[in-house]
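Colleague: According to UniProt numbering, the stretch in the sequence shown is residues 1 to 498, in order. Heads up, the beta-carbon is just placed ideally off N, CA and C, and yes, glycines get one too.
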Amino acid sequence: MSTFKVVVVGGSIAGLTLANILERYSINYVVLEKHPTIAPQLGASVGTLPHGARILDQLGIFSRVDEISMPVDESEALGPDAVVLGKTEPFGDLMEDLLGYRMRFLDRQQLLQALYGGLKDKSKIHTNSECVKIEELDEGVRVTLKDGSIIQGDILVGADGVHSRMRNEIWRIAESERADYPVSELSRSIQCQYKCMFGISKRPEGVPDNKSFKCYHRGRSYLTSSGKDGKFYWFAFVKNPDLTIHTSIPRYTTQDEEDLAAEIADDPLFLDITFKDLYNSRMGSVLVPLEEFVLKRCFYKRAILIGDSFHKMNPLLGQGGNSAIESAGFLADLLKGVLDKTPHPDDDTLQRIFLEFQEERCPRTTGLMEATKKVQQMEILENPILEFLQLKVTTQLGGEHLGPMLAAASNSAHTLKYLPKKFRRGAVSLDEEVKANPHDRPAIATALAIPFILAATKFGWQAVLPIYFAFHIYFSGSRSFYHPSPRTINPLAAKALP
Numbered sequence: 001m002s003t004f005k006v007v008v009v010g011g012s013i014a015g016l017t018l019a020n021i022l023e024r025y026s027i028n029y030v031v032l033e034k035h036p037t038i039a040p041q042l043g044a045s046v047g048t049l050p051h052g053a054r055i056l057d058q059l060g061i062f063s064r065v066d067e068i069s070m071p072v073d074e075s076e077a078l079g080p081d082a083v084v085l086g087k088t089e090p091f092g093d094l095m096e097d098l099l100g101y102r103m104r105f106l107d108r109q110q111l112l113q114a115l116y117g118g119l120k121d122k123s124k125i126h127t128n129s130e131c132v133k134i135e136e137l138d139e140g141v142r143v144t145l146k147d148g149s150i151i152q153g154d155i156l157v158g159a160d161g162v163h164s165r166m167r168n169e170i171w172r173i174a175e176s177e178r179a180d181y182p183v184s185e186l187s188r189s190i191q192c193q194y195k196c197m198f199g200i201s202k203r204p205e206g207v208p209d210n211k212s213f214k215c216y217h218r219g220r221s222y223l224t225s226s227g228k229d230g231k232f233y234w235f236a237f238v239k240n241p242d243l244t245i246h247t248s249i250p251r252y253t254t255q256d257e258e259d260l261a262a263e264i265a266d267d268p269l270f271l272d273i274t275f276k277d278l279y280n281s282r283m284g285s286v287l288v289p290l291e292e293f294v295l296k297r298c299f300y301k302r303a304i305l306i307g308d309s310f311h312k313m314n315p316l317l318g319q320g321g322n323s324a325i326e327s328a329g330f331l332a333d334l335l336k337g338v339l340d341k342t343p344h345p346d347d348d349t350l351q352r353i354f355l356e357f358q359e360e361r362c363p364r365t366t367g368l369m370e371a372t373k374k375v376q377q378m379e380i381l382e383n384p385i386l387e388f389l390q391l392k393v394t395t396q397l398g399g400e401h402l403g404p405m406l407a408a409a410s411n412s413a414h415t416l417k418y419l420p421k422k423f424r425r426g427a428v429s430l431d432e433e434v435k436a437n438p439h440d441r442p443a444i445a446t447a448l449a450i451p452f453i454l455a456a457t458k459f460g461w462q463a464v465l466p467i468y469f470a471f472h473i474y475f476s477g478s479r480s481f482y483h484p485s486p487r488t489i490n491p492l493a494a495k496a497l498p
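#1: Answer with buried or exposed for G10, where buried requires no fewer than 16 other C-beta atoms within 10 angstroms of its C-beta.
#2: CA-CA distance, L497 and G320?
#3: By DSSP, does E387 sit in helix, in strand, or in coil?
#4: For F357, name the three-state secondary structure that DSSP assigns.
#5: According to DSSP, which residues form a beta bridge with Q191?
#6: With respect to the alpha helix (DSSP H) encompassing D277, which residues constitute its N-terminal and C-terminal limits?
#7: Count the other CB atoms within 10 Å of the CB of Y194; is the residue buried (16 or more) or exposed (fewer)?
#8: Taking a contact to mean a Cβ-Cβ separation below 8 Å, would you say S145 touches E130 in this structure?
#9: Under a Cβ-count criterion, where at least 16 other Cβ atoms within 10 Å of its own Cβ denotes burial, should S485 be classed as buried or exposed?
#10: Taking the alpha carbon of E291 as the reference point, which residue from I27, H344, F237 and A174 has its own alpha carbon closest?
#11: Cutting at 6 Å between CB atoms, please list the residues of its own chain near S212, excluding the five before and the five after it.
#12: Pop quiz: R302 and L137 are said to be a contact at Cβ under 8 Å. What is the actual Cβ separation, rounded to whole angstroms?
#13: Once you ignore the five residues that flank Y101 on each side, which residues in its own chain have a CB closer than 7 Å to its CB?
#14: With a threshold of 8 Å, are at least 3 pairs of Cβ atoms found where one atom belongs to the stretch 167–182 and the other to the stretch 192–209?
#15: Give me the Cβ distance between N28 and V8, rounded to the nearest whole Å; I'm assuming they're in contact under 8 Å.
#16: Hey, would you say R167 sits closer than 8 Å to L278, going by beta carbons?
#17: On the three-state DSSP scale, how would you describe R104?
#18: Straight-line CA distance for G92 to D267?
#19: Can you tell me which residues form a DSSP beta bridge with M197?
#20: Three-state secondary structure (DSSP) at L397?
#21: Taking only the alpha-carbon atoms, compute the straight-line gap between C362 and Q41 and give it to the nearest angstrom.
#22: Pull up the distance between the alpha-carbon of residue 506 and that of D308, whole angstroms please.
#23: State the Cα-Cα distance for the pair E258 and D81, rounded to the nearest angstrom.
#24: Cα separation between K120 and F275?
#25: Tell whether a beta-carbon distance below 8 Å holds between D333 and L386.
#26: Rounding to the nearest angstrom, what Cα-Cα distance links L111 and M70 in this structure?
#27: What is the residue span of the beta strand (DSSP E) that H51 lies within?
#28: Less than 8 Å between the C-beta atoms of N20 and L106, yes or no?
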């Protein structure tokens, strides 16, 4: 075990994933969690996606997750009148064939317990240890706990969630020492346009295993999915009247939750079930604001942020928890790469790897956040155009059209560099294993076509043709437009090969 010590603040998904990797890398660490238990039941669920599952598999934890979670094999989309718009019955098979793993749902508490259970030395996890102040960031870190005790280490990793105390402490110190550190700009980037009520209920009669439903209403949408042991996970996404920023973002009470539940009680969802039916059978629920941000600066001196304290996104596509796992893995790999060369890296070396972490994770998490925003706007039927596209176009596309988007998001992810690549594989290769890595088409290539489209509308080409070109250019701008060709072939064809 190295003498270099990592102080991890927060027993979150990001914090406990990092702890597991550091333990396997023989890097000394301590985790400080403010709650009395490491995995409190908050009524929340989490979905694992292939890029998160791969790292969990490398850690030997995914087999446990597999046992206690429910896969999503089928998905139905329903409109405001609860009429079925489309089905993706081979959804689970498609994901597994292409990417090696199915999407799986479980309690957030269960995932935390699985991560905690994966640790051999649990003495390094300290509960009832609320960090209130960072005392030092030069030559090392010193953190003061609520009980007055002091914890020292070489670096600090803030994994204490969206309302991060460590983020505020980093900003406080940075602002006092450097006039050019953009605290005001960073704080303004923390924005909220939606709120979400999520919960766990008893599964309604007639809902089978492995089934997920998406329900679209004007101004709100619902995501639900079957769970193990008769559980049913649900999310109600509601657009707020106004965009709020940082300290103006509301914190909701139980009364706020009950008022919203009454407001949307009669929304039809599926199988003659309304939201009221789910809410009245709930085992736990909570109403929260949905902050969305990726900080352009995630570190200062010897302190760095990971997980929701650094990048927070709408949970609609399940990217938050999986991105937290991925960020923990990437940071741990950077640390091991340095510590293998020198047991006590200097400030310049640590700044270099922190900057590499920031420059790698910012664009990836920003892309995932923006993609989720677009999907959310579609699913709440934000305007007549998006309503038409969502109800008449996208829901009519078969499951095979999801493959390119899933592959582009998942297979560009990070896997652990210093542990065996013992994870399941699908037909699509990982980006890190492809010699000629594809990239997004440059924005200028798209921009050059716009004058021609404008000219077409001005000089009388048929009206549909310019619109077609516009949609073609918009959707062909990302790598997902070109997936899976030439990266892979139809999974059924692949299975037929010797």
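Modeller: From the atom records:
#1: Within the sequence shown, numbered from 1, the residue matching residue 10 stands at position 10. That one is buried.
#2: Taking the first residue of the sequence shown as position 1, residue 497 is located at position 497. Taking the first residue of the sequence shown as position 1, residue 320 is located at position 320. Caution applies to L497, whose pLDDT of 48 falls short of 50 and renders its modelled position unreliable; the value that the coordinates give is listed next. If I take the Cα positions, the gap works out to 37 Å.
#3: Within the sequence shown, numbered from 1, the residue matching residue 387 stands at position 387. Of the three classes helix, strand and coil, the one that applies to E387 here is helix, per DSSP.
#4: Position 357 of the sequence shown, counted from the start, is the residue given in the question as residue 357. Here F357 carries a helix assignment [DSSP, helix/strand/coil].
#5: Indexing the sequence shown from 1 puts residue 191 at position 191. DSSP lists I245 and E292 as partners of Q191.
#6: As a working mapping, residue 277 is identified with position 277 in the sequence shown. For D277, the enclosing alpha helix (DSSP H) has its first and last residue at F275 to N280.
#7: The count along the sequence shown starts at 1 and reaches residue 194 at position 194. Buried, by the Cβ-count rule.
#8: Walking along the sequence shown from the start, residue 145 turns up at place 145. Walking along the sequence shown from the start, residue 130 turns up at place 130. Sequence check: residue 145 is Leu here, not Ser. Inclusion of L145 and E130 in the CB contact set at 8 Å is warranted, their separation being smaller than that value.
#9: Position 485 of the sequence shown, counted from the start, is the residue given in the question as residue 485. The pLDDT assigned to S485 is 43, lower than 50, so where the model puts this residue is not dependable, and the model offers no usable value.
#10: Position 291 of the sequence shown, counted from the start, is the residue given in the question as residue 291. Considering only alpha carbons, the answer is F237.
#11: The residue given as residue 212 occupies position 212 in the sequence shown. Excluding residues within five positions, the ones whose Cβ falls inside 6 Å are V72, S75 and S225.
#12: Residue mapping note: residue 302 aligns to position 302 of the sequence shown, counting from 1. Residue mapping note: residue 137 aligns to position 137 of the sequence shown, counting from 1. About 5 Å; that satisfies the 8 Å criterion.
#13: Translated into positions along the sequence shown, residue 101 becomes position 101. P50, A53, M95 and R424.
#14: no
#15: Taking the first residue of the sequence shown as 1, we reach residue 28 at position 28. Taking the first residue of the sequence shown as 1, we reach residue 8 at position 8. About 11 Å; that fails the 8 Å criterion.
#16: To locate residue 167, count along the sequence shown from 1; it is residue 167. To locate residue 278, count along the sequence shown from 1; it is residue 278. At a Cβ-Cβ threshold of 8 Å, R167 and L278 do not count as neighbours.
#17: Here residue 104 corresponds to residue number 104 of the sequence shown, with the count starting at 1. In the displayed model, R104 falls within a strand according to three-state DSSP.
#18: For this step, residue 92 is matched to residue 92 along the sequence shown. For this step, residue 267 is matched to residue 267 along the sequence shown. Their backbone Cα atoms lie some 28 Å apart in a straight line.
#19: Counting from 1 along the sequence shown, the entry for residue 197 is found at position 197. Per DSSP, the beta bridge partners of M197 are A236 and L287.
#20: Counting from 1 along the sequence shown, the entry for residue 397 is found at position 397. It is coil, neither helix nor strand.
#21: In the sequence shown, residue 362 corresponds to position 362, counting from 1. In the sequence shown, residue 41 corresponds to position 41, counting from 1. Approximately 30 Å between the Cα atoms of the pair.
#22: The chain is shown only over 1 to 498; residue 506 falls outside these bounds and no answer can be derived.
#23: For the purposes of this step, residue 258 is identified with residue 258 of the sequence shown, where counting begins at 1. For the purposes of this step, residue 81 is identified with residue 81 of the sequence shown, where counting begins at 1. If I take the Cα positions, the gap works out to 24 Å.
#24: For this step, residue 120 is matched to residue 120 along the sequence shown. For this step, residue 275 is matched to residue 275 along the sequence shown. So the alpha carbons of these two residues sit roughly 43 Å apart.
#25: Here the question's residue 333 lines up with position 333 in the sequence shown. Here the question's residue 386 lines up with position 386 in the sequence shown. Judged by beta-carbon spacing, L386 lies beyond the 8 Å limit of D333, meaning their Cβ atoms are not closer than that value.
#26: Indexing the sequence shown from 1 puts residue 111 at position 111. Indexing the sequence shown from 1 puts residue 70 at position 70. Rounded to the nearest whole angstrom, the CA to CA distance from L111 to M70 is 13 Å.
#27: Here residue 51 refers to the residue found at position 51 when the sequence shown is read from its first residue. Counting along the chain, H51 falls outside any beta strand (DSSP E), though it belongs to the alpha helix (DSSP H) covering P50 to Q58.
#28: Position 20 of the sequence shown, counted from the start, is the residue given in the question as residue 20. Position 106 of the sequence shown, counted from the start, is the residue given in the question as residue 106. Not closer than 8 Å, so no.
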